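Residue numbers (the UniProt record's numbering): 1 to 492. Glycine residues also receive a C-beta, built at the ideal position from the N, C-alpha and C atoms. From a predicted model like this one, the values you see are computed outputs, not experimental measurements.
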């Protein structure tokens, strides 16, 4: 049995017990300090160097995030960075555990009374379990993040902002065997100011007919007068573009996803805006994503049926302010059509998007990240490259502080059966102009240069129709189709 050092022999047993506990707590608070005080100073100094290195990295990231937040986020979500962090966390866990074991040895447990030795042993075991467990759990989170980034975001080509804006096409479709997104039921273009994050949601009805395609695109050559063909029945609508392109892949040689490409081009032809990226969401899986974040809270202005339209109504979402909806009910709130028009549903979908933007804080995403990542891998498909994650996360954080405006190309202003696309493009440009005007003279509050409003581009649409006159449309206008703050119409 190892002998006590001379300076410990005259200490009473209670003092030796307190000393043993102190060494363990010193290792918890400042790893290596127990070794500096009572053991191998060389080992203690190495531990302190590691701590100093970690502190330096954290300080660097904090400073970088203050100077260039998007760059800091891009660095932290890089698969290479995440792999390095994952390995370092495991090494740190093993090293810290070794320091706890050594601190326990330095406490001379064999010189303690049985009950004190048992207490020190239990405390050492608990500290090793807690610290190592926390670091291993953190390593698991990092591994999940790395897998999430690799699975959802690819190495696609970066698309530069057009006229100072990023335009991201948000598509929602029902799930099913080989069916995800083949007939998008929700089509929204989010136009985001590249400096301020101020966002305009442009809603496009799925039943819009004769949609144009930009000159030079494959479908413009097929349909120079707009998307329609002989005996097309109900398929010659905006939400049928995806399926048509998927079934005619020869028009898009080498394109892995012609359906998305064609839909993006159709939206460009309708709005006059360049579409930078797309995000396609399986609406059925969207329920799991909302459950992963604990649901959302929003106002329900009227009774919303669950089910209907070819199926029995299974219940209702009752009206009221501050209704907390889980994934199942939030999904039905967004997609229910029974007793309502597509245009009313579009408004509800914008309310859900706005609620998610405002309520998904970085803290909530971090604490529920594993569930979010697991659900997102099943429901999200996007061509946003992983290298742009920082840019869009940065913009999303800015957008949370600002109202979201909206324009929807719906009756009575726009007749979906025979739309006036010149009018749509004019209204889109006006909505963006109004949004950007809110930042003029202030630089968006960041001292950044303000962009000029996007101008509508020329398309090959022929013989535009005239807009429907008020009172002549079979579908009544719905509040919220042209507003400067979506939140203002998402009220009970």
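- Each residue's CA atom was taken as its position, placing residue 416 and residue 158 some 33 Å apart.
- Of all alpha-carbon atoms in 424, 339, 12 and 146, the one lying nearest the alpha-carbon of residue 389 is that of 146.
- Taking each of 342, 359 and 27 in turn and checking the Cα distance to residue 325, the smallest one comes out for 359.
- The three-state reading of DSSP puts residue 21 in helix, counting H, G and I together.
- Close CB contacts of residue 307 within its chain, under the 6 Å cut and outside five residues either way in sequence, are with 313 and 314 (chain order).
- When the alpha-carbon of residue 404 is set against those of 203, 132, 219 and 103, the nearest one is in 203.
- Taking 4 residues as the minimum length, the alpha helix (DSSP H) runs contained wholly in the segment 262 to 325 are 283 to 292, in order along the chain.
- CA-CA distance, residue 49 to residue 292, rounds to 39 Å.
- Taking the C-beta atoms as reference points, residue 82 is found no nearer than 7 Å to residue 152.
- Sorting 96, 349, 355 and 67 by C-alpha distance to the C-alpha of residue 296 places 355 at the top.
- Just measuring C-alpha positions, the residue of 420, 299, 273 and 19 sitting nearest residue 188 is 273.
- Apart from the 5 residues on each side of it in sequence, residue 43 sits with its Cβ closer than 6 Å to the Cβ of 35 in its chain, given in chain order.
- The DSSP-derived three-state label of residue 251 is helix.
- In the displayed model, residue 380 falls within a strand according to three-state DSSP.
- For residue 139, the enclosing alpha helix (DSSP H) covers residues 114 to 152.
- Between residue 100 and residue 136 a beta carbon distance of about 15 Å is seen, past the 8 Å cut, so the two are scored as non-contacting.
- When the Cα atoms are used, residue 282 and residue 117 turn out to be separated by approximately 58 Å.
- DSSP places residue 237 within a strand segment (E or B) once states are collapsed to three.
- For residue 196, the number of other beta carbons within 10 angstroms of its own is at least 16, and it is reported as buried.
- Within the model, the alpha-carbon separation for residue 240 versus residue 310 is close to 20 Å.
- Residue state for residue 110 is assigned as helix, using DSSP reduced to three classes.
- Between the segment 408 to 427 and the segment 89 to 96 there are fewer than three inter-stretch CB-CB distances shorter than 8 Å, so the stretches are not counted as touching.
- Collapsing the DSSP output to three states places residue 202 in a strand.
- A contact between stretches requires three or more CB pairs, one per stretch, nearer than 8 Å, and the segment 261 to 278 meets this requirement with the segment 381 to 398.
- In the three-state reduction of the DSSP assignment, residue 407 falls in the strand class.
- Looking at 418, 130 and 320, the one whose alpha-carbon comes closest to that of residue 303 is 320.
- When secondary structure is reduced to three states using DSSP, residue 360 falls in the coil class, being assigned neither helix nor strand.
- DSSP, read as helix, strand or coil, puts residue 165 in strand.
- Taking C-beta atoms under 8 Å as the contact rule, residue 269 and residue 211 qualify, at a distance of about 6 Å.
- Beta-bridge partners assigned by DSSP to residue 193: 165.
- Boundaries for residue 213: no alpha helix (DSSP H) harbours it, and the DSSP string shows neither H nor E there.
- If you look at residue 56, you'll find it in the alpha helix (DSSP H) that goes 41 to 67.
- Counted as a single uninterrupted DSSP element, the alpha helix (DSSP H) harbouring residue 38 occupies residues 33 to 38.
- By the C-beta density criterion, residue 247 is exposed, having fewer than 16 other C-beta atoms within 10 angstroms.
- Rounded to the nearest angstrom, the Cβ distance from residue 266 to residue 238 is 6 Å, consistent with a contact under 8 Å.
- The C-alpha of residue 244 is placed about 23 Å away from the C-alpha of residue 167.
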